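Residue numbers (the numbering used here): 45 to 278.
Beta carbons are placed, not taken as given, at the ideal position from N, Cα and C, and that holds for glycine.
Just so it is clear, the structure is predicted and the values come from calculations on it, not from any experiment.
Working notes, beginning with the structure itself.
As structure tokens, this is what we get:
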């Protein structure tokens with residue numbers, strides 16, 4: 045189980061939303077606030093599925109657009125597709141809600157344990173600096189660095205955002221272990237670049253890519269410090 049995991053890295057990189065921060069729960073709550081002003085009844089989960097489709101399409105367009113801009117445009121297209129009224133303040137409801145989304149219950153303690161084990165911690169996230177700042181402020185002061193799509197001018201699943209992170213951190217792919225709960229975004233880069241990757245499977249139904257298997261899978265972040273201690277990285 046613990047054989048051949050390689051040398052201890054200096055850095056651990058993390059996906060933020062869905063891994064450290066309660067993304068699904070917070071997004072549904074924000075969408076429900078927006079839909080509450082509508083006359084029509086729309087399933088929030090269906091709304092989010094349509095929103096995600098537009099968001100991912102816009103993130104692939106060039107030149108690079110800020111996450112705030114992508115969010116606003118995706119929301120407008122989703123409202124139009126569902127024949128809903130799109131009010132000027134709707135995008136702000138969504139982006140401000142993202143900044144306030146809290147961490148999962150075990151996250152702050154687990155990050156603290158990883159810091160005590162000597163790791164430096166970096167977030168790599170599809171967002172803007174000002175949006176993620178509110179989330180990082182809730183993580184107990186344990187995060188040493190943030191790499192955002194705004195800085196890299198690239199969104200996951202592109203490997204460009206990870207390559208930007210390695211340049212900024214001054215490490216190679218062997219100098220990090222990446223930890224994520226978003227296989228559809230992060231595992232493609234792990235497959236293509238070859239960095240070690242731990243999957244936090246929070247039971248959302250998201251599945252790994254058909255042609256990629258993460259190095260280890262855990263149910264919560266609490267299990268990661270225990271695993272690292274088991275392989276002698278404590």
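- Residue 277 is bridged by DSSP to nothing; it lacks a bridge partner.
- Under the three-pair Cβ rule at 8 Å, the segment 187-196 does not count as touching the segment 75-91.
- Judged by beta-carbon spacing, residue 196 lies beyond the 8 Å limit of residue 57, meaning their Cβ atoms are not closer than that value.
- For residue 130, no alpha helix (DSSP H) segment is defined, and its DSSP state is neither H nor E.
- Assigned with DSSP and collapsed to three states, residue 187 falls in coil, not helix or strand.
- Relative to residue 234, the option among 198, 258, 169 and 199 whose CA is nearest is 258.
- Check the Cα spacing between residue 174 and each of 224, 110 and 166: the tightest is with 110.
- The residue from 273, 106, 239 and 225 with its alpha-carbon nearest to that of residue 59 is 225.
- Residue 145 sits close to residue 179, with the two beta carbons spaced by under 8 Å.
- Pairing residue 98 with residue 118 gives a Cβ-Cβ distance under 8 Å.
- Between residue 215 and residue 242, the C-beta gap is not smaller than 8 Å, which leaves the two residues out of contact.
- Per the C-alpha coordinates, the member of 169, 231 and 239 positioned closest to residue 251 is 231.
- If you look at residue 222, you'll find it in the beta strand (DSSP E) that goes 220-224.
- Nearest Cα to residue 168 within the set 89, 62, 248 and 132: 62.
- When DSSP reads this structure, residue 248 sits in no beta bridge, so it has no partner.
- Among the bridge pairs identified by DSSP, residue 58 is matched with 167 and 223.
- Taken atom to atom, the span from the alpha-carbon of residue 148 to that of residue 183 is near 10 Å.
- Around residue 157, the same chain offers 269 as residues with beta carbons nearer than 8 Å, after the five sequence neighbours per side are excluded.
- Residue range 260-262 is occupied by the beta strand (DSSP E) that includes residue 260, with no alpha helix (DSSP H) assigned at that position.
- The C-alpha of residue 75 is placed about 6 Å away from the C-alpha of residue 88.
- Taking the Cβ atoms as the reference, residue 265 lies roughly 37 Å from residue 131, outside the contact range of under 8 Å.
- Residue 104 and residue 262 have their C-alpha atoms spaced approximately 30 Å apart.
- Under the DSSP assignment, residue 210 falls in the alpha helix (DSSP H) whose first and last residues are 204-213.
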